[in-house]
Amino acid sequence: MTKKFKTLDDFLGTHFIYTYDNGWEYEWYAKNDHTVDYRIHGGMVAGRWVTDQEAIIVMLTEGIYKISWTEPTGTDVALDFVPNENKLNGTIFFPKWVEEHPEITVTYQNEHIDLMEESREKYETYPKLVVPEFANITYMGDAGQNNEDVISEAPYADMPDDIRNGKYFDENYHRLNK
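Quick note on numbering: the sequence shown equals residues 1261 to 1438 in this note's numbering.
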């Protein structure tokens, strides 16, 4: 993708894969002006995936975007995307219970909201584990807004490479192997 990001509309509908400096790999989709989808491919909650997460999505200045949300787990996330430079900065605020029991969250969250909320109440929340990291964007795709094919299945081992190598989506940005 060679698009130059200038406006919020340029950002919305973009699909990203990025790797934090600590090695954690994430896949993230700006589904529309208030919703994000994502899959986690590396790190302490690898295997987790979420669709239709409500988020605050704003443009800070031309080509720079801030996205923030709170998950049902109690995890807070703040991301600053600078796609014209293939960079982002993210800070994840994990509740103590997620740090101690990450396996509970490694699922398709949307089907387990009750478990996430129950765990948030059952286990300790503080102190939070704060993970501030820079990341390099290794893939950007123009998926269009509200494309349900972008994040529509659990992550698997070679998925990021399949996406980057053009083996996952067709020319209309629909999954090849449904």
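Idealized CB from N, CA, C, for every residue including glycine.
Because the structure is a prediction, the values reported are computed rather than measured.
- Closest in C-alpha terms to leucine 1339, from the list Lys1356, Asp1422 and Leu1320, comes Leu1320.
- Scanning the segment 1358-1409 from its first residue to its last, the whole alpha helix (DSSP H) runs of 4-plus residues come out as 1373-1382.
- The DSSP-derived three-state label of isoleucine 1327 is strand.
- For aspartate 1336, there is no enclosing alpha helix (DSSP H); the residue is found in the beta strand (DSSP E) stretching over 1336-1342.
- Within a 10 Å sphere around the beta-carbon of lysine 1291 sit 16 or more other beta-carbons, which makes this residue buried.
- Here DSSP, grouped into helix, strand and coil, assigns phenylalanine 1265 to coil.
- DSSP places glutamate 1431 outside both helix and strand once states are collapsed to three, so it counts as coil.
- A distance below 7 angstroms between beta-carbons, with the five flanking residues on each side excluded, links glutamate 1384 to the following residues of its chain, in chain order: Lys1356 and Trp1357.
- One thing to note: lysine 1382 has its Cβ no nearer than 8 angstroms to the Cβ of phenylalanine 1354.
- From the listed residues Asn1370, Gly1303, Asn1396 and Asp1312, the smallest Cα separation to threonine 1279 is found for Asn1396.
- In the DSSP annotation of this structure, the continuous segment of the beta strand (DSSP E) that includes aspartate 1312 starts and ends at 1309-1314.
- Isoleucine 1364 and tyrosine 1298 have their C-alpha atoms roughly 17 angstroms apart.
- Contact between alanine 1403 and glycine 1323 is absent: CB atoms are separated by about 19 angstroms, not below the 8 angstroms threshold.
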